[in-house]
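Top line first, the protein sequences correspond to chains A and B.
Letter 235 of the first sequence, counting from 1, is numbered 235 in this note's numbering, and no numbers are missing.
Numbers given in this note's numbering equal positions in the second sequence, counted from 1, plus 269.
Even glycine gets a Cβ: it sits at the ideal position worked out from N, Cα and C.
Report on the structure given below.
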Amino acid sequence: MNNKNPIIVANDLTIAYELHRERKKLVALQDISLEVAPGEFVVLVGPSGCGKTSFINAISGLVPKASGSVTVRGQEVTGPGPDRAMVFQDYALLPWRTVESNVRMPFEFQDLGISDDEKARRVKECLSLVDLTGFEKSFPYELSGGMKQRVGIARALITHPDILLADEPFAAIDAMTREAMQAEMERIVMETGQTCVFITHSIDEAILLGDRVVVISYRPGKVKEIVNVNFPRPRMSNSEVKTSKEYAQLRDHIWNLVKDEASQTNRGE
Amino acid sequence: MVATKNKSLQQFDTDDPDRIQDLGWTFKEVWRRTRGLVVTTLNLITFFILWEVFTIYGDINPLFLPKASDMFAELWVGLTTRAPEGAVFSGSILDHFLHSFNNLMFGLAIACLIGIPGGLLMGGNKYIEAILSPYVWALASLPRIALVPLFILFLGFTTTMQVTIIVISAVFPIMINAWAGVKTTEKSLLAAARVFGANRRQLYVKVVLPYTLPFIISGIQQGIGRGLIGVVIAELFGGSNGLGFLIQRSADTFNTAMTFAVLLLLIVMSLSLINFTRWLEAYVAPWRNVNHL
Numbered sequence: 001m002n003n004k005n006p007i008i009v010a011n012d013l014t015i016a017y018e019l020h021r022e023r024k025k026l027v028a029l030q031d032i033s034l035e036v037a038p039g040e041f042v043v044l045v046g047p048s049g050c051g052k053t054s055f056i057n058a059i060s061g062l063v064p065k066a067s068g069s070v071t072v073r074g075q076e077v078t079g080p081g082p083d084r085a086m087v088f089q090d091y092a093l094l095p096w097r098t099v100e101s102n103v104r105m106p107f108e109f110q111d112l113g114i115s116d117d118e119k120a121r122r123v124k125e126c127l128s129l130v131d132l133t134g135f136e137k138s139f140p141y142e143l144s145g146g147m148k149q150r151v152g153i154a155r156a157l158i159t160h161p162d163i164l165l166a167d168e169p170f171a172a173i174d175a176m177t178r179e180a181m182q183a184e185m186e187r188i189v190m191e192t193g194q195t196c197v198f199i200t201h202s203i204d205e206a207i208l209l210g211d212r213v214v215v216i217s218y219r220p221g222k223v224k225e226i227v228n229v230n231f232p233r234p235r236m237s238n239s240e241v242k243t244s245k246e247y248a249q250l251r252d253h254i255w256n257l258v259k260d261e262a263s264q265t266n267r268g269e
Numbered sequence: 270m271v272a273t274k275n276k277s278l279q280q281f282d283t284d285d286p287d288r289i290q291d292l293g294w295t296f297k298e299v300w301r302r303t304r305g306l307v308v309t310t311l312n313l314i315t316f317f318i319l320w321e322v323f324t325i326y327g328d329i330n331p332l333f334l335p336k337a338s339d340m341f342a343e344l345w346v347g348l349t350t351r352a353p354e355g356a357v358f359s360g361s362i363l364d365h366f367l368h369s370f371n372n373l374m375f376g377l378a379i380a381c382l383i384g385i386p387g388g389l390l391m392g393g394n395k396y397i398e399a400i401l402s403p404y405v406w407a408l409a410s411l412p413r414i415a416l417v418p419l420f421i422l423f424l425g426f427t428t429t430m431q432v433t434i435i436v437i438s439a440v441f442p443i444m445i446n447a448w449a450g451v452k453t454t455e456k457s458l459l460a461a462a463r464v465f466g467a468n469r470r471q472l473y474v475k476v477v478l479p480y481t482l483p484f485i486i487s488g489i490q491q492g493i494g495r496g497l498i499g500v501v502i503a504e505l506f507g508g509s510n511g512l513g514f515l516i517q518r519s520a521d522t523f524n525t526a527m528t529f530a531v532l533l534l535l536i537v538m539s540l541s542l543i544n545f546t547r548w549l550e551a552y553v554a555p556w557r558n559v560n561h562l
């Protein structure tokens, strides 16, 4: 792993929300420091409400930070940019637009100096990458959950972003489709060489997809441990990975880390 | 809509050519499509025949309940004749219907012109919202009929007064729905648009407005209902025009068949307008899967 020239650097990042109703300030994330190398797949796991989403939103530029810094390629993040794209848990597709029009959306909002021919070519390319060729004119409500999320992934890839952020993208998808989607995600990331920061609640998903798994603690969210995953890719199609002893050990190890934190969630609420 | 669906179905790559079968126009299929209409028509015909039989053999005073056939005759005559030149006031249903209908459309148009931008502004700007919302809620919760004497005082027994009452009746549901539409725009859609580079103007034009459109249409639907109440109330209270006036006039002159004819016409007008907006809502926002009551 090439950690000398990281693409994302979070340095003592703290994010806080003001809860006006309770007149409190909630520290969602405290002093997070993390470096992500180009092409690396980093998975964040941790209990609900631990600030994983806040972290990803800080990278995307959606939430302002309280202190510390996040840089992408050495540039301080001050807002969203075409070098970063996001896949959402609830797909976040515009229901009045066709698949094609949803995928094209990022081009409408920002002028990237891309010709119309190139835009059309990329729409075609991204739709075929997620295996949705033929559904250009369908509307999201006509598609299944898995297909909707594939539209979400195509939309995220259309600008050829350096960094793909994914916030529990497969959480709302049924178990069988989810496995297919994970395999597809792995294939896409291998094909495109995308840097990816991925949130999940599933430890299996974390191990199967991640180069590194970052376990985040509960309130305030801190990096509890970073676990390296060294299985060769592709992992999804390799049945030996899941049945191996290392896999079981890794799974146990991460589960124990998360379990401690999850039990705190119950105590805290 | 159907075209897109069929297209995406055809694009399924399937080895089995019989996977999608054409249902064709079998008797069963024709019946499935038309049974709603057939049942409703038979239902209504039965209703009016029972009414007719009841009034003929039931020894009912036609002053209270006219024969159904008399009502239809009155409706037919009323809709096919116009008032003669120089009449003090018209006895033609068509004249009064056109007056009421034009007022309603004009009033609804003004209500939209005020309500839609008003609601959008209230949803989009918290200062405007804070300033306007007490007045909007105050007027929206006040029974509009209570304002009628005041408007008669201000404007007299005029068409302007009637239209004003329609506007004040219809504007609030439209405004409140547009407001609610903006406020309830899904956060994840806004987040997605922002991540992909939308500025404030683009957020409103490309996300908030399309999201709010079906809300506005259902606001107009409610506005039509309220507006019709406004029409009838305004005409019952004052003026010598409109269906409300005709109801009053025909009842006063013991022409009960005419009263019933006008009521029937009001029902038909109201249902047609509401069904039109329902269709419009389903057409512009098929994803909302509106219940067809």
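Anything in chain A within Cβ reach of residue i, meaning under 8 Å, just list it in chain order.
i               : result
W556 of chain B : P95, W96, F139, P140, Y141
L389 of chain B : Here the premise fails: no neighbours, minimum Cβ distance about 17 Å.
What residues of chain B sit near residue i, judged by a beta carbon separation below 9 Å?
i              : result
P80 of chain A : R463, V464, F465, G466, A467
Run through chain B and tell me which residues come within less than 8 Å of residue i, C-beta to C-beta.
i               : result
Q110 of chain A : F465, G466
If we cut at 8 Å on Cβ distances, does residue i have a partner in chain B?
i               : result
M86 of chain A  : yes
M147 of chain A : no
M105 of chain A : yes
A172 of chain A : no
D162 of chain A : no
L157 of chain A : no
A10 of chain A  : no
From the DSSP output, in three-state form, read off residue i for me.
i               : result
A526 of chain B : helix
F41 of chain A  : strand
Q431 of chain B : helix
R466 of chain B : Arg is not the amino acid found at residue 466 of chain B; the sequence shown has Gly there. Three-state DSSP puts G466 of chain B in coil, outside helix and strand.
Y326 of chain B : helix
V214 of chain A : strand
T481 of chain B : helix
M538 of chain B : helix
N510 of chain B : coil
K336 of chain B : coil
S277 of chain B : Unreliable positioning characterises S277 of chain B in this predicted model, as indicated by a pLDDT of 46, which lies under 50. The coordinate reading is nonetheless provided below. Here S277 of chain B sits in helix by DSSP.
Q491 of chain B : helix
R351 of chain B : coil
R84 of chain A  : strand
F420 of chain B : helix
D252 of chain A : helix
A554 of chain B : coil
Whose C-alpha, out of the options, is nearest the C-alpha of residue i?
i               : options                        : result
I527 of chain B : B:Y326, B:N330, B:G347         : According to the sequence as given, residue 527 of chain B is Met; it is not Ile. When only C-alpha atoms are compared, the closest one is B:G347.
G392 of chain B : B:A342, B:I485, B:F323, B:L319 : B:I485
A503 of chain B : B:V464, B:S402, B:V432         : B:V432
L129 of chain A : A:I158, A:P106, A:S138, A:K119 : A:I158
D167 of chain A : A:A58, A:I7, A:A248            : A:A58
G193 of chain A : A:V72, A:S67, A:R233           : A:R233
Y91 of chain A  : A:Q110, A:S69, A:Y141, A:S60   : A:Y141
L534 of chain B : B:V417, B:S361, B:A407         : B:S361
L44 of chain A  : A:F198, A:E186, A:S244         : A:F198
M185 of chain A : A:A175, A:Q149, A:I216, A:L62  : A:Q149
H253 of chain A : A:N11, A:D204, A:L29, A:P220   : A:D204
T350 of chain B : B:A337, B:D364, B:S338, B:F341 : B:D364
K222 of chain A : A:P6, A:G49, A:P38, A:E18      : A:G49
P64 of chain A  : A:D116, A:E246, A:Q30, A:T78   : A:T78
At a Cβ threshold of 8 Å, is residue i touching chain A?
i               : result
S369 of chain B : no
Q431 of chain B : no
Q490 of chain B : no
Q471 of chain B : yes
Can you name the residues of chain D whose CB is closer than 8 Å to the CB of residue i?
i               : result
V451 of chain B : Here chain D cannot be found, since the structure's protein chains are A and B.
Considering just the uninterrupted stretch of the beta strand (DSSP E) at residue i, what are its terminal residues?
i               : result
W14 of chain A  : The question names Trp, but residue 14 of chain A in the sequence shown is Thr. It spans 8-19 - the beta strand (DSSP E) in which T14 of chain A sits, taken as one unbroken run.
S69 of chain A  : 67-72
A92 of chain A  : Unbroken run through A92 of chain A: none, as it is neither H nor E.
A166 of chain A : 163-167
Kindly indicate the opening and closing residues of the alpha helix (DSSP H) around residue i.
i               : result
M181 of chain A : 175-192
N57 of chain A  : 52-60
A28 of chain A  : Careful: A28 of chain A lies outside any alpha helix (DSSP H), inside the beta strand (DSSP E) at 24-36.
N371 of chain B : 362-393
I203 of chain A : 203-209
K475 of chain B : Careful: K475 of chain B lies outside any alpha helix (DSSP H) and carries neither H nor E.
Which residues in chain A sit within 9 Å of residue i, going by Cβ to Cβ distance?
i               : result
V476 of chain B : L94
P479 of chain B : L94, P95, W96, R97
A460 of chain B : N57, S60, L62, M86, F88, A92
Run down chain B in chain order and give the residues with a C-beta less than 7 Å from the C-beta of residue i.
i              : result
D90 of chain A : S457
S60 of chain A : V464
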